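Chemist:
Structure (structure tokens):
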């Protein structure tokens, strides 16, 4: 997947768990888990069962005949416990939430021939020796000082707050990343994620235990099918890229069923997301690139030529609508018709669905399958990376080839599982469910209209300062726009990277830089931003444009200027020495609103190219480990 759904958010949560507990705390948790597992093992043996021999940590597998299995499973469920079922036995696992009472209940479930346990579990703790583990670790781990400082909750909260203060997030200002749809993650949508009824359900729990989840799945699938105009939806893919892969597998499954397994050519426009060709290759297809015209739209003549050239083997076209260039393809239906006429299926990339919802649909333009980024268009937060959800919708003829799962979604024609769990990251689906439920049909349509309006407002305000690279025949853009910054290098030496870094001084995250066109900025404001915030962003961009002009006319030095030195940290502007040919105020407070709230970049200018090519360790010096 790409950076938008790289699961970094969850990795941060896991790392903070390690920071809070530290190596000693984690080791203590592990010892406790293993001790309870050893007590369960000893108790099972006292009851006459034979857990599988060998080293164990937190999991036991117990040989049990089929007749006894049913009784034990029923007794366990009566006690609120799910056991794993094997053909020849049962399995159980302990973790840090396991208590002595839990172990007691497990052993009671296995005591099918007795009304109560013939021993006290508390006595087992005293008499059970935890067997030594082979290959037990003796070396130190988590030696960085950070893992030894923050074990009191107050200190941990302050540490987290200090880290948060270094981040420029949606709590600071608009994040205008094109093709990322950084919209509001409303509090009401987020609260259910914290409910144990959603968060503590195991993905493989018996179906009778998650009737509420089933109702949520069914309703959300129905809503997404209505929004896309498709016959069926799978919630299984965990990201947009995974949705692409699943959709292409469905197309391949359909072609195979028609006796056309040879249809493996995938046409992809030059303007496509980078994940498109990657997904096609993973799905076993061969990529053929279709040219774009100067206005950013697909070259229909080139498409016809290549579709006809490969008609015997054409499998699919992957197309983004609106295009990655930020315009609505006026000939999109003609594009789809050309592909269908030559035996292919149309995959629509749903990355820009925020410009479609309620106004049109993938089915209406002629697509056969698309994915939806719930972490973009439907409000699941993905700042910092993940978690993502990329469900796919398909036309009726592709429905039999949706992803399946051996434990929950069996199907003779299914392409199999694309994620570990049948419904992907199910615990975050309540966010999108709540968003759609609260917005309703009229609200979703209004959101799309405002998203398009906001993008066109920015385009109009900035058009006299920055060329807007692509627009439709009416002069309008879709939900995002591309600002052409390539000419500044020749006139002033200022590059797009300088503009992006200077925006930090103005309190804004940079738009998407150099994608899909090098030397440009792609801006997507979403419907969530107020006119006041849009105006602040425009004023920042205009202020930067004026600074570029000052460099071009010689009022500022071409090398030592606020753009080339950006961003400016608090340490830099409060230092005793200031040797730059512009004021500290111009460096750090270039706009009046910064007097009310100032975001301070934590790090000054870095060499991006060097950092990408060289590992620079920020660990303590090696002497500290001696």
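In the working numbering, the protein residues as written are 4 to 629.
Even for Gly, the Cβ is constructed at its ideal location relative to N, Cα and C.
Keep in mind the model is a prediction, meaning the values are calculated, not measured.
1. Can you find at least 3 beta carbon pairs, one from the region 44-58 and one from the region 122-131, that sit closer than 8 Å?
2. For a quick check, are the C-beta atoms of residue 328 and residue 514 less than 9 Å apart?
3. Are residue 332 and residue 476 touching if we call contact CB-CB under 9 Å?
4. For residue 149, collect the residues of the same chain with a Cβ closer than 7 Å to its Cβ; drop the 5 residues on either side in sequence, then sort them by chain order.
5. Helix or strand or just coil, what does DSSP make of residue 106?
6. Compare the Cα-Cα distances from residue 251 to each of 153, 397, 11 and report the closest residue.
7. Once the 5 residues before and after residue 470 are set aside, which same chain residues still bring their CB inside 8 Å of it?
8. Return the residue from the list 627, 619, 295, 603 that minimises the CA-CA distance to residue 172.
9. With distances taken from CA atoms, which of 361, 205, 340 is nearest residue 425?
10. Pairs of beta-carbons, one from the region 67-85 and one from the region 151-167, closer than 8 Å: are there three or more?
11. Starting from residue 443, trace the alpha helix (DSSP H) in both directions and tell me its first and last residue.
12. Identify every run of the beta strand (DSSP E) within the region 513-586, keeping only runs that are complete inside it and at least 3 residues long; order them along the chain.
13. Since residue 272 is in the beta strand (DSSP E), which residue starts that stretch and which ends it?
14. Taking the alpha carbon of residue 97 as the point to measure from, which residue in 34, 506, 186, 119 has its own alpha carbon closest?
15. From the DSSP output, read off the bridge partner residues of residue 408.
16. For residue 243 versus residue 357, is the C-beta distance shorter than 9 Å?
17. Residue 11 lies in the beta strand (DSSP E); which residues open and close that run?
18. Just to confirm, are residue 301 and residue 383 a CB contact at a threshold of 9 Å?
19. Would you kindly report the start and end of the unbroken beta strand (DSSP E) that includes residue 292?
20. For residue 194, does the three-state DSSP call read helix, strand or coil?
21. What's the call for residue 213, buried or exposed, on a 16-neighbour Cβ count within 10 Å?
22. Could you give the DSSP three-state label for residue 321: helix, strand or coil?
23. Span of the alpha helix (DSSP H) holding residue 202?
24. According to DSSP, is residue 348 helix, strand or coil?
25. Roughly how many angstroms separate the alpha carbons of residue 559 and residue 249, rounded to a whole number?
26. Apart from the five residues just before and just after residue 79, which ones in its own chain have a Cβ nearer than 6 Å to its Cβ?
27. With the cut-off set at 9 Å, would you say residue 39 and residue 103 are in Cβ contact?
28. Fully enclosed by the region 203-261, which beta strand (DSSP E) runs are 3 residues long or longer?
29. Suppose you measure from the CA of residue 446 to the CA of residue 606; what does that come to, to the nearest Å?
30. So if DSSP puts residue 374 in a beta bridge, which residue, or which two residues, is it bridged to?
31. Mapping DSSP to helix, strand and coil, what is residue 494?
32. CB-CB under 8 Å to residue 99, same chain, minus the five flanking residues each way: which ones, in chain order?
33. At which residues does the beta strand (DSSP E) containing residue 368 begin and terminate?
34. Under the three-state reduction of DSSP, which class applies to residue 300: helix, strand or coil?
Modeler: In this structure, then:
1. With the rule of 3 Cβ pairs closer than 8 Å, the region 44-58 counts as touching the region 122-131.
2. Sequence index remark: in the chain shown, residue 328 carries index 325 (1-based). Sequence index remark: in the chain shown, residue 514 carries index 511 (1-based). Cβ atoms of residue 328 and residue 514: not closer than 9 Å.
3. What you label residue 332 is simply residue 329 of the chain shown in a count that begins at 1. What you label residue 476 is simply residue 473 of the chain shown in a count that begins at 1. No, they are not a contact pair.
4. Here residue 149 is taken as the residue at index 146 of the chain shown, counted from 1. Only 22 meet the Cβ criterion.
5. The residue you call residue 106 lines up with position 103 of the chain shown. Here residue 106 sits in helix by DSSP.
6. Here residue 251 refers to the residue found at position 248 of the chain shown. Out of 153, 397, 11, 397 has the C-alpha closest to the C-alpha of residue 251.
7. Sequence index remark: in the chain shown, residue 470 carries index 467 (1-based). Contacts found: 486, 487, 490.
8. Against the chain shown, residue 172 aligns to sequence position 169. Nearest of 627, 619, 295, 603 to residue 172, Cα basis: 603.
9. Reading the chain shown from its first residue, position 422 is the one you call residue 425. That would be 205, whose Cα lies nearest to the Cα of residue 425.
10. no
11. The residue given as residue 443 occupies position 440 in the chain shown. Here the alpha helix (DSSP H) through residue 443 covers 432-465.
12. 523-526
13. What you label residue 272 is simply residue 269 of the chain shown in a count that begins at 1. Segment 268-272, the beta strand (DSSP E) holding residue 272.
14. Your numbering for residue 97 matches position 94 in the chain shown. Distance check between residue 97 and each of 34, 506, 186, 119 places 34 closest, using alpha-carbon atoms only.
15. Taking the chain shown and counting its residues from 1, one reaches residue 408 at position 405. The partner list for residue 408 (beta bridge, DSSP) reads 412.
16. For the purposes of this step, residue 243 is identified with residue 240 of the chain shown, where counting begins at 1. For the purposes of this step, residue 357 is identified with residue 354 of the chain shown, where counting begins at 1. Result no, Cβ atoms of residue 243 and residue 357 do not sit closer than 9 Å.
17. Stepping through the chain shown from its first residue, residue 11 is reached at position 8. Careful: residue 11 lies outside any beta strand (DSSP E), inside the alpha helix (DSSP H) at 11-49.
18. On the chain shown, position 298 is the one that residue 301 refers to. On the chain shown, position 380 is the one that residue 383 refers to. No, these two residues do not count as a Cβ contact at 9 Å.
19. Locating residue 292 in the chain shown gives position 289, counting from the first residue. For residue 292, the enclosing beta strand (DSSP E) begins and ends at 289-293.
20. Here residue 194 refers to the residue found at position 191 of the chain shown. Residue state, collapsed to three classes: helix.
21. The residue you call residue 213 lines up with position 210 of the chain shown. Buried, since its Cβ has 16 or more Cβ neighbours within 10 Å.
22. Here residue 321 corresponds to residue number 318 of the chain shown, with the count starting at 1. It is a strand residue.
23. Reading the chain shown from its first residue, position 199 is the one you call residue 202. Counting along the chain, the alpha helix (DSSP H) containing residue 202 begins and ends at 199-202.
24. As a first step, residue 348 must be located in the chain shown, where it is residue number 345. Note: residue 348 maps to strand in three-state DSSP.
25. For the purposes of this step, residue 559 is taken as the residue at position 556 of the chain shown. For the purposes of this step, residue 249 is taken as the residue at position 246 of the chain shown. Roughly 53 Å between the two C-alpha positions.
26. Taking the first residue of the chain shown as 1, we reach residue 79 at position 76. In its chain, beyond the 5 residues on either side, 86, 112 have a beta carbon closer than 6 Å to the beta carbon of residue 79.
27. Indexing the chain shown from 1 puts residue 39 at position 36. Indexing the chain shown from 1 puts residue 103 at position 100. Yes. Within cutoff.
28. 235-237
29. In the chain shown, the residue the question calls residue 446 occupies position 443. In the chain shown, the residue the question calls residue 606 occupies position 603. Rounded to the nearest angstrom, the gap between the Cα atoms of residue 446 and residue 606 is 40 Å.
30. To locate residue 374, count along the chain shown from 1; it is residue 371. Within the DSSP bridge table, the entry for residue 374 names 395 as partners.
31. Locating residue 494 in the chain shown gives position 491, counting from the first residue. Here residue 494 sits in helix by DSSP.
32. Within the chain shown, the letter at position 96 stands for residue 99. Closer than 8 Å at Cβ, skipping near neighbours: 32, 35, 36.
33. Within the chain shown, the letter at position 365 stands for residue 368. Element bounds for residue 368: not the beta strand (DSSP E) but the alpha helix (DSSP H), 365-368.
34. Along the chain shown, read from residue 1 onward, the residue named residue 300 stands at position 297. Secondary structure at residue 300: coil, using DSSP grouped into helix, strand and coil.
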